[in-house]
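>
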Amino acid sequence: METAESADRYLQELLLDPDPVMAAVLERSDAAHLPQIAVSPLQGAFLSILARSVKAGRILEIGALGGYSTVWLARALPENGVVVSLEIDPKAAQTVRANAAASGVADKVRVLEGPAAETLADMTERGEAPFDFVFIDADKTGYPAYLDFAVALARKGALIVADNVVRKGEIANSNSSDAMVVAVRTYLEKARAHPRLQTSVIQTVGVKGHDGFAISLVG
Ligand SMILES: C[S@@+](CC[C@H](N)C(=O)[O-])C[C@H]1O[C@@H](n2cnc3c(N)ncnc32)[C@H](O)[C@@H]1O
Numbered sequence: 037m038e039t040a041e042s043a044d045r046y047l048q049e050l051l052l053d054p055d056p057v058m059a060a061v062l063e064r065s066d067a068a069h070l071p072q073i074a075v076s077p078l079q080g081a082f083l084s085i086l087a088r089s090v091k092a093g094r095i096l097e098i099g100a101l102g103g104y105s106t107v108w109l110a111r112a113l114p115e116n117g118v119v120v121s122l123e124i125d126p127k128a129a130q131t132v133r134a135n136a137a138a139s140g141v142a143d144k145v146r147v148l149e150g151p152a153a154e155t156l157a158d159m160t161e162r163g164e165a166p167f168d169f170v171f172i173d174a175d176k177t178g179y180p181a182y183l184d185f186a187v188a189l190a191r192k193g194a195l196i197v198a199d200n201v202v203r204k205g206e207i208a209n210s211n212s213s214d215a216m217v218v219a220v221r222t223y224l225e226k227a228r229a230h231p232r233l234q235t236s237v238i239q240t241v242g243v244k245g246h247d248g249f250a251i252s253l254v255g
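Here the sequence shown stands for residues 37 to 255, where the numbers follow our numbering.
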């Protein structure tokens with residue numbers, strides 16, 4: 037019987053060109069012993085399409101790991117575009133820089149090392165120029181705070197995308213004691229109540245299991 041995973045593999049082969057550059061990004065992340073929790077190739081392409089659809093020139097990424105999604109997003113940028121990528125783990129941040137350089141997008145990737153909440157507070161205080169696209173993919177318990185920063189740092193018409201918001205369906209469990217589920221539920225409730233946001237969630241299945249992306253349009 038075909039499965040969500042085999043469908044994912046078929047769709048990847050059908051829709052995406054073989055991509056030795058992105059494969060090498062994953063190899064470098066593996067060599068650095070980073071966990072294999074990057075977005076899938078189809079999800080990377082999905083993020084790229086979303087970023088291009090809002091003509092993103094400035095992208096904020098919260099949670100970079102080895103830079104797989106970072107490189108996908110950097111490739112979606114026009115010349116002079118930038119991805120500002122926040123990462124707490126110095127080894128991961130170093131891998132992002134190496135991957136950006138090896139992928140030919142070093143000039144488009146700025147990695148800011150440290151706890152994202154602190155970096156975002158600094159950026160907000162400094163009056164950072166607005167972002168067109170925000171990808172939230174770091175510690176789930178930080179998501180509610182990241183949403184506030186993302187809205188504050190986004191331009192009107194920007195998209196805010198958050199990964200892993202379905203959590204094998206546990207998101208529907210209002211009694212969950214899992215701190216990540218509770219935090220993601222709070223994120224979605226905040227997004228729903230925010231007067232500037234229109235939000236939906238697309239559940240995802242495939243090589244990354246059952247999860248989902250929240251997508252908010254900033255009005
Ligand atoms: C799921 S991985 C990111 C995957 C990456 N976006 C991709 O798809 O290629 C989550 C990353 O968030 C980072 N992270 C966790 N807590 C963080 C924090 N408080 N501030 C910044 N980064 C954090 C982790 O070190 C990890 O590299």
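A virtual CB, placed ideally from N, CA and C, is assigned to each residue, including glycine.
With 8 Å set as the bound, which would you pick, yes or no: does the beta-carbon of glycine 193 sit closer than that to a beta-carbon of chain B?
The structure shown contains no chain B; it holds only a single protein chain.
> Check whether the Cβ atoms of phenylalanine 169 and alanine 153 lie closer than 8 Å to each other.
no
> Which full runs of the beta strand (DSSP E) of 3+ residues lie inside the stretch 117 to 153, going along the chain?
Inside the stretch 117 to 153, DSSP marks whole beta strand (DSSP E) runs of 3 or more residues at positions 118 to 123, 145 to 149, from first to last along the chain.
> What beta strand (DSSP E) runs, 3 residues minimum, are completely inside the stretch 184 to 214?
190 to 199
> Between the beta-carbon of tyrosine 28 and the beta-carbon of leucine 156, is there less than 8 Å?
For residue 28 there is no data in the structure shown, the boundaries of the chain being 37 and 255.
> By a C-beta neighbour count over all protein chains shown, 10 Å radius and 16 as the cutoff for buried, is glutamate 123 buried or exposed?
Under this definition glutamate 123 is a buried residue.
> Given 7 Å as the limit, tell me if valine 75 has its C-beta closer than that to any heavy atom belonging to ligand 1.
yes
> I believe serine 105 touches valine 75 by the beta-carbon criterion, under 8 Å. Please report the beta-carbon distance rounded to the nearest angstrom.
5 Å
> Report the rounded CA-to-CA distance for alanine 112 versus proline 166, giving the unit in angstroms.
18 Å
> Residues in the same chain with beta-carbon distance under 8 Å from lysine 204, minus the five sequence neighbours each way, listed in chain order, please.
These residues qualify, in order along the chain: Gly245, His246, Asp247.
> Rounding to the nearest angstrom, what Cα-Cα distance links leucine 148 and valine 237 in this structure?
28 Å
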